[in-house]
Amino acid sequence: MTAPTLSRATTAAVTPSMADRFGALGREQRVRLMRRLLEAGRAREIPAVIPPRDPGRPVPLSPAQHDLWVYDSLYPGTAALNLCSAYHFDRPADPAHLEAALTLIQRHHDILRTRIRTDEDGGLRVEFPDDGPFDLEREDLRGTDTTIDEAFETFRARPFDLGRDKLIRARFVRVDERRSTLMLSLHHTISDWWSFDVLQNEFAQAYGALRDGKEPPLTRPAVQYADFSSWQDELAESGVFGARLDFWRRYLADPPGPLTVPGGGGTPVTSGDGIAQVPFHIDARTAAAVRALARERGASVYVVLMAAFAVLAHRVSGADDLILGTPIANRAAKGLDQVIGYVMNAVPTRWRVRSDRSFADVLAGFAVDFPELMANADVPVGRIVSAAAPERSAGRAPLYQWVFMHLTQQPSVSVMKEFAEPERIHTGGEHDLVGVVKDCDDGMEGSFGLRTDVFDPRVVARWTECYVELLRRITTDPTALVGDIDLVPGAMRGQLLAESAGPAAPAPASLPALVARQAARTPDAPALASGGEA
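Count the sequence shown with my numbering and you get residues 1 to 534, in order.
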């Protein structure tokens, strides 16, 4: 989804901004200042800034990284936290140039050289050793029966060992004499989807320059992920996160239990890696209608799509009180937009959806809540979950099990025409259902990622059709009551009618009829036994 941004007033060069003065302070000075601002009720004056970290202090894991480290410790060997991408080349590509481009990016972004170390006292810290040239794996499918999809599936399913492995790997796969694919896999502790855009753009520029014998036009970003994680540590120490948790305690008071769907599947006892992706397409006419409704209601496209997702969750589950997760970019601070790392935060959104309310009412309610959600959205989600104290169920994510995100269309990668827009795969596994809608030239592309130990992919495929039909209905009449909106598209209605046609099912047999049937089947068997007598 579109990241919330902060406007930056232009100031004279001789007048340092509040953010500049704040960043120039030492760590202890900043912590004391933030405490005083909190005590004075002026927390909103704390600037969105990422100060340079103290090089003399160990680099901590950010709270989000620590949460993923815990998850990985609970489920060792899982590939659920792998973020993967495949770049498909339609003309010959030189793996040496690809390797050199990745080496340059790895040198510029410390996070790509991350090693997580454990101290003698059990504490965790991060190191960034110089790994030298990037080690690009190679595979040749020519003369084999392996397809590129099978190769990609094997690649993405390889787990990372957080205690030993480098947390990025890449593989160059030769498909035939003309086609090839570059596969990338990054552990979620060092990346998010925004980071993939940063990586893609820098990779395209570096490879294009190296291929043409030129110097790549890239420089090392002034802000590194280690600066961000150290800043998060300061926010926690000063009490800023604690103060903002007061909002989340009120907003999430008395949270509902895990979202379940009658007949949707069993309740898992472990977090499995069985993941399925159900793709769908929102046609250009419906996508345009969604954008028009957003403009009409003074909302973003994301807000309309998210509200529709909440209505779908209400209709399939019957729940009136729902908590759904949504990722936010969390990159308002200057310089953070070019940082690779796990900066994104997941925000719980609460929905009270009733059948006797209109979609317009649901949309307006979320639009009212959204600004305050964003004002407190930098509190790490793990702390929000702990503060909300939700009901916990083994093998399921606490607080929310369904997630929705809207991705805007990626900028053109025309600098590198050899490859198509990269295919992205989030291996997934933390949440039961993850809905993604992305803008594209002919409408919107979507997918519902699901845990197959929770939902049947065939059922979820029908939900995707219902979601698209819901968008058509609410853009035609946003005042329609939620309970009256017909979610069944015409094609599905015909299929359901066809499946329900045929001879009537036999009536269930009565108990006397069952006894008589058994007596006729086994006439010599005892009818009743008691005390050893028949």
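The C-beta atom is built at its ideal place from N, Cα and C for all residues, glycine as well.
Quick caveat: nothing in here was measured; it's all calculated off a predicted structure.
Is it right to say residue i is buried, meaning 16 or more other beta carbons lie within 10 angstroms of its own, or is it exposed?
| i | result |
| --- | --- |
| THR518 | The amino acid at residue 518 is misidentified as Thr; the sequence shows Gln. Exposed, by the Cβ-count rule. |
| ASP94 | exposed |
| ASP121 | exposed |
| LEU363 | buried |
| ASP227 | buried |
| GLN232 | buried |
| ASP67 | buried |
| SER191 | buried |
| GLN409 | exposed |
| ASP140 | exposed |
| SER73 | exposed |
| GLY446 | buried |
| LEU25 | exposed |
| VAL223 | buried |
| ALA397 | buried |
| ASP378 | buried |
| ALA204 | buried |
Excluding the 5 residues preceding and the 5 following residue i in the sequence, name in chain order all residues of the same chain whose CB lies nearer than 6 Å to its CB.
| i | result |
| --- | --- |
| PHE134 | GLU99, LEU102, THR103, GLN106 |
| ALA289 | THR475 |
| LEU184 | SER85, ALA170 |
| GLY435 | PHE309, PHE404, PHE448 |
| MET444 | ILE282, ALA287, VAL437 |
| THR522 | none |
| PHE370 | none |
| ARG295 | none |
| GLU469 | LEU487, PRO489 |
| SER393 | PRO258 |
| ASP54 | ARG27 |
| ALA157 | ALA79 |
| TRP193 | none |
| SER230 | ARG53 |
| PRO256 | ASP321 |
If I measure Cβ to Cβ from residue i and keep anything under 8 Å in the same chain, skipping five residues before and after, which residues do I get?
| i | result |
| --- | --- |
| SER358 | PRO478, THR479, ALA480, LEU481, VAL482 |
| ALA48 | LEU6, ALA19, ALA332, ALA333, LYS334 |
| ASP320 | HIS314, ARG352, VAL353, ARG354 |
| SER414 | Note on SER414: pLDDT 46, under 50, position unreliable in the model; the coordinate value appears next. The answer is none, since no qualifying residue turns up. |
Which partner residues does residue i have in the DSSP bridge list?
| i | result |
| --- | --- |
| ARG91 | Per DSSP, none; premise fails for ARG91. |
| SER447 | PRO279, VAL436 |
| GLU215 | Answer is none; GLU215 lacks a bridge partner. |
| SER180 | PHE89, ARG174 |
| SER185 | CYS84, ARG169 |
| VAL403 | GLY325, VAL434 |
| GLU139 | VAL173 |
| LEU481 | SER358 |
I'd like to know whether the C-beta atoms of residue i and residue j end up nearer to each other than 8 Å.
| i | j | result |
| --- | --- | --- |
| PRO348 | PRO63 | no |
| PHE309 | LEU293 | no |
| ARG250 | ALA387 | no |
| PHE160 | HIS187 | yes |
| VAL278 | THR464 | yes |
| LEU305 | GLN401 | no |
| LEU487 | PHE455 | no |
| LEU61 | LEU124 | yes |
| GLN338 | PRO221 | yes |
| ARG211 | HIS97 | yes |
| PHE247 | ASN345 | no |
| LEU450 | ILE340 | no |
| LEU83 | PHE155 | no |
| LEU167 | THR189 | yes |
| HIS431 | TYR302 | no |
| PRO129 | ARG117 | no |
| ARG555 | LEU245 | For residue 555 there is no data in the structure shown, the boundaries of the chain being 1 and 534. |
| ILE328 | TYR225 | no |
| GLN65 | TYR342 | yes |
| THR144 | ILE275 | no |
Give me, in chain order, the residues of the same chain whose beta-carbon lies closer than 7 Å to that of residue i; leave out the 5 immediate sequence neighbours on both sides.
| i | result |
| --- | --- |
| VAL261 | VAL316, SER317 |
| GLU575 | The requested residue 575 does not occur in the structure, where the chain is confined to residues 1 to 534. |
| GLY242 | none |
| ALA206 | ALA101, LEU104, ILE105, PRO216, LEU218 |
| GLY239 | ARG35, LEU38 |
| ASP176 | ARG142 |
| ARG473 | ALA480, ILE485, ASP486 |
Under the criterion of a Cβ to heavy atom distance below 7 Å, does residue i qualify as lining the ligand SAH?
| i | result |
| --- | --- |
| PRO526 | Here there are no bound small molecules, and the ligand SAH is not part of this structure. |
If we define contact as Cβ-Cβ less than 8 Å, is residue i a contact residue for chain C?
| i | result |
| --- | --- |
| ARG30 | In summary, chain C is missing from the structure at hand, where a single protein chain is found. |
Ignoring anything shorter than 4 residues or poking outside the region 331-392, list the alpha helix (DSSP H) runs there in chain order.
Entirely contained in the region 331-392, the alpha helix (DSSP H) runs reaching 4 residues are, in chain order, 359-375, 381-388.
Where are the beta strand (DSSP E) runs, 3 residues long or more, that stay fully inside the region 52-132, in chain order?
Correct list: 82-89, 115-118, 124-127.
Which runs of the alpha helix (DSSP H) at least 4 residues long sit entirely within the region 449-478? Give them in chain order.
With a minimum length of 4 residues, the continuous alpha helix (DSSP H) runs that stay inside the region 449-478 are 457-476.
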